[in-house]
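Working notes, structure below.
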Amino acid sequence: QALVREMHLQMIPGEDVQTIRYSLEPQYIYERNSSRQKADGYLASTEYKIKVKNLDKLGAVLDKGIGAGLNIDRVEFGLNNR
């Protein structure tokens with residue numbers, strides 16, 4: 041919800057903010073002096089797709105996301121036929 045609220049403040053409509061995937065992955069640590077690994081918890085993550093139609097806003101959107109603790113995996117550009 042915080043991401044959607046922040047994107048709304050950046051004038052990104054709700055339909056342009058989509059949740060793509062949730063994942064929950066086990067995390068392991070390796071024990072010293074052995075080749076065994078030990079479960080150490082889980083890492084939860086969520087992948088979003090945010091469509092920014094005005095490129096002048098892209099920098100601010102990325103800055104706000106990073107400031108909120110998001111990891112930016114990739115930025116893609118495309119054309120929108122009107």
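Plus 40 on top of the position in the sequence shown (first one is 1) and you've got the working numbering. Glycine included, C-beta positions come from ideal geometry on N, C-alpha and C. These numbers come from a predicted model, not from an experiment.
- Going by C-alpha positions, residue 89 is about 43 Å away from residue 73.
- Under DSSP, residue 66 takes part in a beta bridge, and its partners are 82.
- Under DSSP, residue 90 takes part in a beta bridge, and its partners are 57.
- Comparing C-alpha distances from residue 59 to each of 44, 52, 87 shows the shortest one belongs to 87.
- Contact between residue 50 and residue 104 is confirmed by a C-beta separation of about 6 Å, below the 8 Å threshold.
- Annotation: residue 83 to residue 64 spans about 6 Å, alpha carbon to alpha carbon.
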